[in-house]
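**Q** I'd like to ask some things about the structure below.
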Amino acid sequence: MIIRSKAPLRLGLAGGGSDVSPYSDMYGGLILNATINLYAYCTIEETDNDCIQIDAFDADYHASLPLTREMELDGNALLLKGTYNRLMRDYNLPLQAFRITTYNDAPAGSGLGTSSTMVVGILKAFVEWRSLPLGDYEISRLAYEIERKDLGLSGGKQDQYAAAFGGFNFMEFLQNDMVIVNPLKVKRWIIDELEASIVLYFTGRSRSSAAIIDQQRKNTSSGNTRSIEAMHRIKQSAIDMKLAVLKGDMNAFAKILGQAWEDKKKMADAITNPIIEEAFQVAIQAGATAGKVSGAGGGGFIMFFVPPTHKQEVVNALNRLDGFTMPFNFTDGGAHGWKIYPTDDINTLSYGKPD
């Protein structure tokens, strides 16, 4: 039997960073995000090799390991191994030889939530394979705990919930890791207008978000007034952006996006750099009206808002830099998995119904 899954990456539209502890514990966080048609993929194949074969293309790691209930966390494919270890421990899964393959449509450090989305995708494949009783909230919470608690990786909470639920979501982050996901019903013409008005540009530079997030957490814990007040404004921008999106007010969308970027840069020193500033200068000169870096900052993707009549000019200008623009569409669906049953004919596959 073969099990596959895919989980969508996300664009953080407003409120990014307010989902990170201790800010979310002290003040509560608000996030508006939307998933796009870039994905993390996972395939599990049952085998008779008495081992666990790993082809983690997203982590550039390939190995054949002994069949075990707990993989060594040796720094290689940590997300995959951490997920496997947690599921074996929590659900006492039977030992079964298998091959697992993972890959991603976007590079690590892109600011689109690749790491958390990959954990959700792997979990979804195991849920499908072992018929585990986990819904979207449970998968999101488990993915968060695997990354942040089991593996000790710095970050927030929004990416896991975005990948599991999919679509446009207004999220509330409360004390004790409580999360409420509010799906938004956005009219089709508004989604079309947003797609026509947004340019995604990859700076050509991936980054680790850990150092930036750690400084953000330190600033909050130490009572850094400048950073905390900036985060308060960023959180408020999620409310304002939600209203702008639901009404289709593109002028307000651009204004909120631009102000949120100015506030975001006050959260940590490494959020911007000369590469990012050059991209902003080029895009604005070509016709963009606002933009912000997706994710923690420091590199990865930049989301620019552009009047559709100037979009191609901005795309052409940015593509002359060292990075590249990435076409995309918003998507409704969250993570899902499905089964494939090989038949006697090796060239014929029987497809199971996705959950």
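Mapped onto the working numbering, the consecutive letters of the sequence shown carry residue numbers 1289 to 1643.
Idealized CB from N, CA, C, for every residue including glycine.
1. When you compare only the Cα positions, how much space is there between Asp-1338 and Ala-1385?
2. Buried or exposed for Lys-1412, please, with buried defined as at least 16 other CB atoms from any protein chain shown within 10 angstroms of its CB.
3. Check for me: the beta strand (DSSP E) holding Gly-1546 runs from which residue to which?
4. Please classify Ser-1398: does DSSP put it in a helix, a strand, or coil?
5. Would you kindly check if the distance between the Cβ of Ala-1451 and the Cβ of Gly-1401 is under 9 Å?
6. When you compare only the Cα positions, how much space is there between Ala-1556 and Ile-1522?
7. Taking its Cβ as the centre, do 16 or more other Cβ atoms sit within 10 Å of Pro-1382, making it buried, or is it exposed?
8. Given the structure, does Gly-1317 come close to the ligand ATP, in the sense that its CB is under 8 Å from one of the ligand's heavy atoms?
9. Under three-state DSSP, which class holds Phe-1414?
10. How many Å lie between Ile-1634 and Leu-1299 at the Cα?
11. Between the stretch 1340-1357 and the stretch 1535-1548, are three or more C-beta pairs nearer than 8 Å?
12. Quick one: what does DSSP say Tyr-1372 is sitting in, helix, strand or coil?
13. Out of Cys-1330, Ile-1324, Thr-1508, state which residue places its alpha-carbon closest to the alpha-carbon of Ser-1309.
14. I'd like the list of long-range same chain contacts for Gly-1583, defined as Cβ closer than 8 Å, with 5 residues on each side in sequence excluded.
15. Quick one: what does DSSP say Asn-1364 is sitting in, helix, strand or coil?
16. What residue range does the alpha helix (DSSP H) around Asn-1325 cover?
17. Tell me whether Pro-1562 sits in a helix, a strand or coil according to DSSP, three-state version.
18. Give the range of the beta strand (DSSP E) segment to which Phe-1490 is assigned.
19. Can you grab the Cα-Cα spacing for the pair Ala-1540 / Asn-1373, in whole Å?
**A** Quick answer:
1. 5 Å
2. buried
3. From DSSP, Gly-1546 is part of no beta strand (DSSP E) but of the alpha helix (DSSP H) over 1538-1552.
4. Three-state result, Ser-1398: coil.
5. yes
6. 14 Å
7. exposed
8. No copy of the ligand ATP occurs in the structure displayed, which carries no ligand at all.
9. helix
10. Reliability of the predicted coordinates at Ile-1634 is poor, the pLDDT of 47 falling under 50, and the value obtained from them is presented with this limitation in mind. Their backbone Cα atoms lie some 40 Å apart in a straight line.
11. no
12. In the three-state DSSP reduction, Tyr-1372 falls in the helix class (H, G or I).
13. Thr-1508
14. Cβ neighbours of Gly-1583 within its own chain (closer than 8 Å, five residues either side excluded): Gly-1300, Gly-1304, Ser-1398, Gly-1399, Leu-1400, Gly-1401, Ser-1497, Phe-1589.
15. DSSP places Asn-1364 in coil when its eight states are reduced to three.
16. In this chain, Asn-1325 is not harboured by any alpha helix (DSSP H); it is covered by the beta strand (DSSP E) spanning 1317-1334.
17. helix
18. 1486-1490
19. 46 Å
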